[in-house]
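Asker: Order-wise, the sequence lines are chains F and Z.
The letter at position 227 of the first sequence is residue 228 when you use the working numbering, and the numbering goes up by one with no holes.
The letter at position 130 of the second sequence is residue 131 when you use the working numbering, and the numbering goes up by one with no holes.
Glycine residues also receive a C-beta, built at the ideal position from the N, C-alpha and C atoms.
Quick caveat: nothing in here was measured; it's all calculated off a predicted structure.
2 protein chains.
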Amino acid sequence: MPVHSKRGETLSHSPIRVLMPYARAAKAAGTHVYHLNIGQPDIQTPPEALEAIRNNKETIIPYGPSEGLPGLRERVANYYQSFAGDIAYSDVFVTTGASEAILFALFSCCDEFDEVIIPEPFYANYLGFGHTSSIRIVPIPSSIDTEFQLPNAEKFEELITPNTKAIFLCNPGNPTGCLYSKEELTKLMQIVLKYDLFLIVDEVYREFCYDEVFTSVLSFREMDQHVIVIDSISKVFSSCGARVGFLVTRNKEIQKVVEKYAQLRLCPPYYGQKLAEVCYDHADEYIPQARAEYIRRRKVLYDSLRQIEGVQCYLPKAAFYNMTKLPVKDANDFCKWLLTDFTYEGSTVMLAPGSGFYQHKAYGLDQVRIAYILNEHDLSAAVECLKIALDQYNNRNGHEGNNYFLSEKSPNRVYAPTNDM
Amino acid sequence: MPVHSKRGETLSHSPIRVLMPYARAAKAAGTHVYHLNIGQPDIQTPPEALEAIRNNKETIIPYGPSEGLPGLRERVANYYQSFAGDIAYSDVFVTTGASEAILFALFSCCDEFDEVIIPEPFYANYLGFGHTSSIRIVPIPSSIDTEFQLPNAEKFEELITPNTKAIFLCNPGNPTGCLYSKEELTKLMQIVLKYDLFLIVDEVYREFCYDEVFTSVLSFREMDQHVIVIDSISKVFSSCGARVGFLVTRNKEIQKVVEKYAQLRLCPPYYGQKLAEVCYDHADEYIPQARAEYIRRRKVLYDSLRQIEGVQCYLPKAAFYNMTKLPVKDANDFCKWLLTDFTYEGSTVMLAPGSGFYQHKAYGLDQVRIAYILNEHDLSAAVECLKIALDQYNNRNGHEGNNYFLSEKSPNRVYAPTNDM
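Here it is in structure tokens:
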């Protein structure tokens with residue numbers, strides 16, 4: 002029997018999806034599962050966009066242009082004017098989700114063994130995209146104690162080697178809910194220009210900033226040749242299954258290379274693009290409503306989480322995630338236990354274990370990512386469920402853990418007595 | 002300014018799409034272009050499938066399962082029973098077009114620098130997929146003189162090295178229209194088993210066989226652990242823009258690896274999958290009609306092509322392509338000239354230069370791939386246009402070519418006096 006590839010063997014499973022079999026089993030056993038583990042919004046897709054698909058009169062669904070439908074590229078270019086400055090139609094490539102845009106960016110900018118610096122914790126699939134493109138991801142730690150703010154420019158500089166080709170950010174941050182300020186990005190720009198690096202920024206959550214103004218790296222015109230932005234309709238228009246993303250850059254040489262990768266896979270999905278066109282037509286009405294909804298949910302989540310003893314959390318500035326430190330030794334075990342051994346009033350909670358968002362596998366063991374993508378009522382019930390679960394988990398008979406102590410600095414902050422971080 | 006990757010530089014442009022700017026310019030100048038260059042059928046997508054999308058009542062377009070929607074995987078598994086034997090639901094992975102299925106197969110089976118043997122001429126993008134996955138494509142020549150039949154098993158054996166990991170076929174063939182027989186595949190199976198190789202077969206044209214019965218490699222149960230089939234709804238259901246393909250294998254170890262690559266890109270497009278479900282529900286009525294239409298077109302193309310002096314062609318057994326030898330030295334130049342310098346009654350023809358389908362760049366210089374994807378009337382007019390064009394091209398003032406001679410063996414066969422093949 003022929004043997005699969007070594008790279009296929011070493012590619013990691015998605016840490017978010019690894020618990021899915023347990024969730025399926027829990028549901029099969031009749032347990033209701035509150036999904037706080039995945040960035041799948043429950044907000045409706047813009048109804049006008051859905052209606053446009055219902056009214057579609059095409060009799061053939063043909064290949065479209067590799068770069069995307071002209072009508073969509075134009076709308077996206079227009080939409081970018083307000084926060085990015087002048088963006089041409091030809092600066093926008095439609096991709097099959099942000100996933101494909103990230104792969105195109107890595108393949109176009111980097112060769113095998115090139116290094117890309119990424120603040121950690123980061124969206125777990127970045128590791129997989131790095132693996133697929135044979136680049137080396139160099140994590141730069143950020144901490145829950147500073148609410149995951151961007152590491153100092155000097156910290157980046159320390160990690161730069163002759164093999165460093167790019168810095169990769171997610172802003173606003175998944176899994177952190179962090180928003181990088183104009184000042185932080187300006188300092189980083191000096192490094193990018195000094196070392197002549199690419200700056201690839203995943204901005205898919207840009208419309209969900211709740212307290213401060215979002216700054217796009219595309220607005221730093223000194224970096225026109227360095228910046229590549231990753232975007233998607235998945236989160237902003239609650240259209241994850243449409244598989245429509247974007248790669249935006251003003252660098253013409255990169256455009257020529259991206260065009261080749263785009264031609265290779267022929268075209269992005271037709272229906273998703275038609276949906277996206279109408280989404281952008283209605284962005285001005287739709288997005289503020291979605292944003293207001295997430296602000297309400299953020300408050301519910303934050304207010305209820307901080308009532309739980311031993312939990313360390315913060316008010317996330319953006320996106321719809323936060324990283325939360327739980328009074329457990331190993332959140333992987335706790336998250337699995339929630340699905341296999343716990344119910345409260347017929348329900349349980351599914352969370353994404355924090356260590357999956359770190360390359361340093363010993364980091365984040367006591368953290369979870371919580372996505373506030375449920376309505377306020379369900380979110381409240383889910384956190385109540387989590388509270389009961391933590392209590393039960395830490396008071397199990399014969400439980401070897403429970404050796405936690407409260408920090409003197411903060412009554413809500415606990416440290417596991419391990420050498421993990 | 003940071004410099005793009007070397008691999009991005011060395012990735013080839015799609016030879017099929019490289020003429021597109023000239024076609025756009027011709028159209029802008031008012032010329033009608035008959036597209037015989039691209040495998041985009043003009044046959045209608047199954048109307049019931051389009052109607053199902055119009056009746057879709059979903060209010061959110063969410064992520065689906067990474068492996069594809071259960072309803073679609075079940076339908077595809079059922080559809081496979083008749084020609085492949087028993088296929089389980091879990092043997093079918095839905096992908097974003099056949100393109101993604103090919104990449105998944107190469108990444109899952111092969112490591113960097115592994116070798117994959119492919120009969121040439123082959124679908125040009127295989128080169129790009131090989132480039133992206135850092136494997137080495139080893140072409141094995143097949144000839145227009147034998148209508149591109151499968152090279153002898155011994156010829157494959159000669160090319161096998163310790164680095165050979167797989168044999169890759171396209172059956173029925175793009176660009177050749179060739180159909181590999183059960184006998185040919187049985188002989189190849191001996192090699193596959195003897196050297197314990199993977200056998201990856203792109204079967205997207207399997208429903209378009211016109212004279213003989215199609216044999217799927219999945220029906221050779223001795224090769225259950227070796228075979229991976231690539232499939233797609235694009236051609237068979239005239240749904241190229243839906244971006245729905247499949248990877249089918251009974252090898253559980255490969256399934257585990259494919260699952261990881263599938264999770265990495267989250268899921269295939271939702272609407273395309275819903276369309277595909279209904280396509281398979283209506284396959285029994287739809288496919289025979291489409292097949293009959295291509296049989297009529299094949300006759301029109303073949304009958305009219307063989308009337309042109311100096312043209313060598315054959316009656317293709319399957320798919321909707323044939324490779325045709327033209328009385329020109331360099332079909333790249335001729336195909337460009339058709340778009341930039343020629344019109345006949347306001348029209349011209351776009352063809353795919355044959356050399357783009359060969360890795361050996363000196364091969365196929367006098368060949369073109371012709372796709373018979375236009376209706377009979379247009380196809381007739383297009384070939385008439387081609388005939389006039391060849392005459393004009395070869396009688397241009399100061400034309401350096403024209404030094405062709407007819408072979409004594411066949412009045413319709415010409416050889417360019419070059420050392421190219």
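(1) Run down chain Z in chain order and give the residues with a C-beta less than 7 Å from the C-beta of Gly129(F).
(2) Does the structure place the region 352 to 369 of chain Z close enough to the region 272 to 284 of chain Z that three or more beta carbon pairs sit under 8 Å?
(3) Against chain F, with Cβ distances strictly below 8 Å, would Glu401(Z) count as a contact?
(4) Under three-state DSSP, which class holds Pro317(Z)?
(5) Starting from the N-terminal side, write out each stretch of the beta strand (DSSP E) that is 3 residues or longer and does not extend beyond the region 222 to 303 of chain F.
(6) Check whether the region 166 to 177 of chain Z touches the region 70 to 80 of chain Z, taking contact to mean three or more Cβ pairs, one atom from each stretch, closer than 8 Å.
(7) Give me the chain Z residues within the contact set of Asn57(F), using Cβ-Cβ distance strictly less than 9 Å, ordered along the chain.
(8) Could you compute how far the alpha carbon of Val228(F) sits from the alpha carbon of Asn164(Z)?
(9) Which first and last residues belong to the beta strand (DSSP E) in which Arg137(Z) is found?
(10) Nearest by alpha-carbon distance to Arg137(F): which of Ser144(F), Tyr127(F), Ser143(F) and Ile374(F) is it?
(11) Are Ser67(F) and Gln264(F) close, meaning C-beta to C-beta below 8 Å?
(12) Can you grab the Cα-Cα spacing for the pair Cys179(Z) / Lys318(Z), in whole Å?
(13) List the residues of chain F whose Cβ lies closer than 8 Å to the Cβ of Ala243(Z), in chain order.
(14) I'd like the span of the beta strand (DSSP E) that includes His33(Z), first residue to last.
(15) For Cys111(F), which residues from the same chain have a beta carbon less than 6 Å from its beta carbon, with the 5 sequence-adjacent residues on both sides left out?
(16) Between Ser240(F) and chain Z, is there a C-beta pair that is closer than 8 Å?
(17) Tell whether a beta-carbon distance below 8 Å holds between Leu380(F) and Leu302(F).
(18) Residues of the region 66 to 80 of chain Z in Cβ contact with chain F at a cutoff of 8 Å, in chain order, please.
(19) What residues from chain F crowd round Gln290(Z), counting only those whose CB sits closer than 9 Å?
(20) Give a yes or no on whether the minimum CB-CB distance between His227(F) and chain Z is below 8 Å.
(21) Considering just the uninterrupted stretch of the alpha helix (DSSP H) at Asn79(Z), what are its terminal residues?
(22) Quick one: is Asn396(F) buried, meaning 16 or more other Cβ sit within 10 Å of its Cβ, or exposed?
(23) Along the chain, where does the beta strand (DSSP E) that runs through Arg121(Z) open and close?
(24) Just list the alpha helix (DSSP H) runs in the region 164 to 199 of chain Z, keeping only unbroken ones of 4 residues or longer that don't cross its boundaries, in chain order.
(25) Quick one, which residues of the region 184 to 216 of chain Z are near chain F if we go by CB-CB under 8 Å, in chain order?
(26) Kindly say whether Asn164(F), judged by its beta-carbon, lies nearer than 8 Å to any beta-carbon of chain Z.
(27) Give the secondary structure of Tyr359(F) by DSSP, where H, G and I count as helix, E and B as strand, and everything else as coil.
(28) Using a Cβ-Cβ distance cut-off of 8 Å, determine whether Leu12(F) contacts chain Z.
(29) Compute the minimum distance between the beta carbon of Glu75(Z) and the heavy atoms of the ligand ADP, and state whether it is under 7 Å.
(30) Check the DSSP bridge columns for Met351(Z) and list the partner residues they point to.
(31) Among the residues of its own chain, which have a CB less than 6 Å from the CB of Arg251(Z), if the five just before and after it don't count?
(32) In this structure, does DSSP put Val95(F) in helix, strand or coil?
(33) Note down the Cα distance separating Glu401(Z) from Tyr394(Z), rounded to an integer number of angstroms.
(34) Confirm, please, whether the CB-CB distance from Ser143(F) to Glu121(F) is below 8 Å.
(35) Tell me the residue span of the beta strand (DSSP E) that contains Thr11(F).
(36) Taking its Cβ as the centre, do 16 or more other Cβ atoms sit within 10 Å of Gly347(F), making it buried, or is it exposed?
Answerer: Concretely, from the data shown:
(1) As a position in the first sequence, residue 129(F) is number 128, starting the count at 1. Within 7 Å Cβ-Cβ: Leu265.
(2) In short, these stretches do not touch, since the Cβ pair count stays below three.
(3) Along the second sequence, one-based indexing puts residue 401(Z) at 400. Because the pLDDT at Glu401(Z) is just 49, under 50, the model does not fix this residue reliably, and the value given afterwards should be weighed accordingly. Chain F has no Cβ within less than 8 Å of the Cβ of Glu401(Z).
(4) Walking along the second sequence from the start, residue 317(Z) turns up at place 316. If DSSP states are grouped into helix, strand and coil, Pro317(Z) belongs with coil.
(5) 228 to 233 and 246 to 250
(6) no
(7) Here the question's residue 57(F) lines up with position 56 in the first sequence. Correct list: Leu51, Ile54 and Arg55.
(8) On the first sequence, residue 228(F) is found 227 positions in, with the first residue counted as 1. On the second sequence, residue 164(Z) is found 163 positions in, with the first residue counted as 1. In a straight line, the C-alpha of Val228(F) is about 39 Å away from that of Asn164(Z).
(9) Counted from its first residue, the second sequence places residue 137(Z) at position 136. Note, Arg137(Z): beta strand (DSSP E), Arg137 to Pro142.
(10) Walking along the first sequence from the start, residue 137(F) turns up at place 136. Closest option to Arg137(F), Cα to Cα, is Tyr127(F).
(11) As a position in the first sequence, residue 67(F) is number 66, starting the count at 1. As a position in the first sequence, residue 264(F) is number 263, starting the count at 1. The answer is yes: Cβ separation under 8 Å.
(12) Numbered from its first residue, the second sequence carries residue 179(Z) at position 178. Numbered from its first residue, the second sequence carries residue 318(Z) at position 317. In a straight line, the C-alpha of Cys179(Z) is about 6 Å away from that of Lys318(Z).
(13) Here residue 243(Z) corresponds to residue number 242 of the second sequence, with the count starting at 1. Simply Ile62, Pro270, Tyr271 and Tyr272.
(14) By one-based count along the second sequence, residue 33(Z) stands at place 32. First-last of the beta strand (DSSP E) with His33(Z): His33 to His36.
(15) In the first sequence, residue 111(F) corresponds to position 110, counting from 1. Excluding residues within five positions, the ones whose Cβ falls inside 6 Å are Ile136 and Lys166.
(16) Locating residue 240(F) in the first sequence gives position 239, counting from the first residue. By this cut-off, Ser240(F) is an interface position.
(17) As a working note, residue 380(F) is residue 379 in the first sequence. As a working note, residue 302(F) is residue 301 in the first sequence. Going by C-beta atoms, Leu380(F) is nearer than 8 Å to Leu302(F).
(18) Ser67
(19) As a position in the second sequence, residue 290(Z) is number 289, starting the count at 1. The premise fails here: Gln290(Z) is roughly 15 Å from chain F at the closest Cβ pair, so nothing lies under 9 Å.
(20) Within the first sequence, numbered from 1, the residue matching residue 227(F) stands at position 226. At least one chain Z Cβ lies under 8 Å of His227(F).
(21) For the purposes of this step, residue 79(Z) is taken as residue 78 along the second sequence, with counting starting at 1. Looking at the DSSP string, the run of the alpha helix (DSSP H) that includes Asn79(Z) is Pro71 to Ala85.
(22) For the purposes of this step, residue 396(F) is identified with residue 395 of the first sequence, where counting begins at 1. Classification for Asn396(F): exposed.
(23) Counted from its first residue, the second sequence places residue 121(Z) at position 120. The question names Arg, yet the displayed sequence has Glu at residue 121(Z). From DSSP, the beta strand (DSSP E) with Glu121(Z) extends over Glu116 to Glu121.
(24) Complete alpha helix (DSSP H) runs here, min 4: 183 to 195.
(25) Asp197, Leu198 and Phe199
(26) The residue labelled residue 164(F) in the question sits at position 163 within the first sequence. Answer no: the Cβ-Cβ gap between Asn164(F) and chain Z never drops below 8 Å.
(27) In the first sequence, counting from the first residue as 1, residue 359(F) sits at position 358. Three-state result, Tyr359(F): coil.
(28) Locating residue 12(F) in the first sequence gives position 11, counting from the first residue. Leu12(F) counts as touching chain Z.
(29) What this structure holds is no ligand at all, so the ligand ADP is not there to describe.
(30) For the purposes of this step, residue 351(Z) is identified with residue 350 of the second sequence, where counting begins at 1. According to DSSP, Met351(Z) bridges with His36(Z).
(31) Here residue 251(Z) refers to the residue found at position 250 when the second sequence is read from its first residue. Excluding positions up to five away in sequence, the list reads Asp92 and Asp225.
(32) Within the first sequence, numbered from 1, the residue matching residue 95(F) stands at position 94. Strand, per DSSP.
(33) Position 400 of the second sequence, counted from the first residue, corresponds to residue 401(Z). Position 393 of the second sequence, counted from the first residue, corresponds to residue 394(Z). Confidence at Glu401(Z) is low in this model, with a pLDDT of 49, below 50, so the placement of that residue should be treated as unreliable; the coordinate-derived value is given next. Rounded to the nearest whole angstrom, the C-alpha separation of Glu401(Z) and Tyr394(Z) is 11 Å.
(34) Within the first sequence, the letter at position 120 stands for residue 121(F). Within the first sequence, the letter at position 142 stands for residue 143(F). Yes, Cβ-Cβ distance for Glu121(F) and Ser143(F) is below 8 Å.
(35) Here residue 11(F) refers to the residue found at position 10 of the first sequence. Where Thr11(F) is concerned, there is no enclosing beta strand (DSSP E), although the alpha helix (DSSP H) it sits in stretches over Lys7 to Thr11.
(36) Position 346 of the first sequence, counted from the first residue, corresponds to residue 347(F). It counts as exposed.
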